[in-house]
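As structure tokens, the structure follows; a few thoughts come after it.
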Amino acid sequence: MAASGSGSDPLIVTRAAIKVIAESVGIAHLKDEVADALAPDVEYRLRDLVQEAIKFQKHGRRETLTTEDINYALRLRNCEPLYGFTSPDPPRFCRAMNGVYYLEDPELNLSDTLAEPLPKMPLEPSFTTHWLAVNGVQPSIPQNPAEEDIAAAASRKRARDGDEPAAPN
Numbered sequence: 001m002a003a004s005g006s007g008s009d010p011l012i013v014t015r016a017a018i019k020v021i022a023e024s025v026g027i028a029h030l031k032d033e034v035a036d037a038l039a040p041d042v043e044y045r046l047r048d049l050v051q052e053a054i055k056f057q058k059h060g061r062r063e064t065l066t067t068e069d070i071n072y073a074l075r076l077r078n079c080e081p082l083y084g085f086t087s088p089d090p091p092r093f094c095r096a097m098n099g100v101y102y103l104e105d106p107e108l109n110l111s112d113t114l115a116e117p118l119p120k121m122p123l124e125p126s127f128t129t130h131w132l133a134v135n136g137v138q139p140s141i142p143q144n145p146a147e148e149d150i151a152a153a154a155s156r157k158r159a160r161d162g163d164e165p166a167a168p169n
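Here the sequence shown stands for residues 1 to 169, where the numbers follow the UniProt record's numbering.
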């Protein structure tokens, strides 16, 4: 159901689309009045974002709008970028029926896919902190180098630089 926006242009983002998006994020029963109020605002923001992305496309002297252009426009608006959509080539859509298009996926052999070894599990991101020195004293913890290692490194540096004191006769 396309309502009229400002002027005679029909809205591209319909009430039904707003309701589907609301349901996908967990809002089960969105009132029709709310969906009708949100549709023009969503469309305005989408048009604004695409216009900014087209500016990046033209500045890059390209004829194809890429996901990077959209990401630059999102960054300009202080929004999170799109994740998982990085392709140098635009997707190729195939026509199925009247107004129905789909992305053609390659066919995979299920037995070959099952026979492949599982990929290694990625490490969980983490970070640690420790005090390098407390009140000018370096604590002896595993993260800090041992005093013997520091002394050995200093003597190697002096020997390399030629600053080693002469041995007594």
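From the three backbone atoms N, C-alpha and C, an ideal C-beta is built for every residue, glycine too.
Item	Value
Mapping the DSSP letters down to three states, classify Ala3 as helix, strand or coil.	Reliability of the predicted coordinates at Ala3 is poor, the pLDDT of 48 falling under 50, and no value is obtained from them.
How should Asn169 be labelled, buried or exposed, when 16 other C-beta atoms within 10 angstroms of its C-beta is the threshold for buried?	In this predicted model, Asn169 has a pLDDT of only 49, less than 50, meaning its place in the structure is not dependable enough to derive any value.
Expressed to the nearest angstrom, what Euclidean distance is found between the alpha-carbon atoms of Asp22 and Phe56?	According to the sequence shown, residue 22 is Ala rather than Asp. Cα-Cα distance, rounded: 30 Å.
In chain order, what are the residue ranges of uninterrupted alpha helix (DSSP H) at least 4 long that sit wholly in the region 109-160?	110-115
Would you kindly work out how many angstroms separate the C-alpha atoms of Ala143 and Pro119, rounded to a whole number?	The question names Ala, yet the displayed sequence has Gln at residue 143. When rounded, the distance between both Cα atoms is 31 Å.
Would you say Asn78 reaches chain D, if we count a Cβ-Cβ gap shorter than 9 Å as a contact?	In the structure shown, chain D cannot be found, because there is only a single protein chain.
Please specify which runs of the alpha helix (DSSP H), each continuous and at least 4 residues long, are wholly inside the region 16-101, giving them in chain order.	32-59 and 67-76
Could you check what DSSP says for Leu103 in three-state terms: helix, strand or coil?	strand
Excluding five sequence neighbours on each side, which residues of the same chain lie with their C-beta closer than 6 Å to the C-beta of Ala2?	Since pLDDT at Ala2 reaches only 46, below the 50 mark, its modelled position is unreliable, and the value read off the structure follows with that caveat. The residues are Pro10, Leu11 and Thr14.
Figure out for me which residue from Ser111, Arg92 and Leu114 has the closest Cα to the Cα of residue 181.	Any question about residue 181 goes unanswered here, given that the chain covers just 1 to 169.
Can you tell me the Cα-Cα spacing of Glu33 and Val25, whole angstroms?	19 Å
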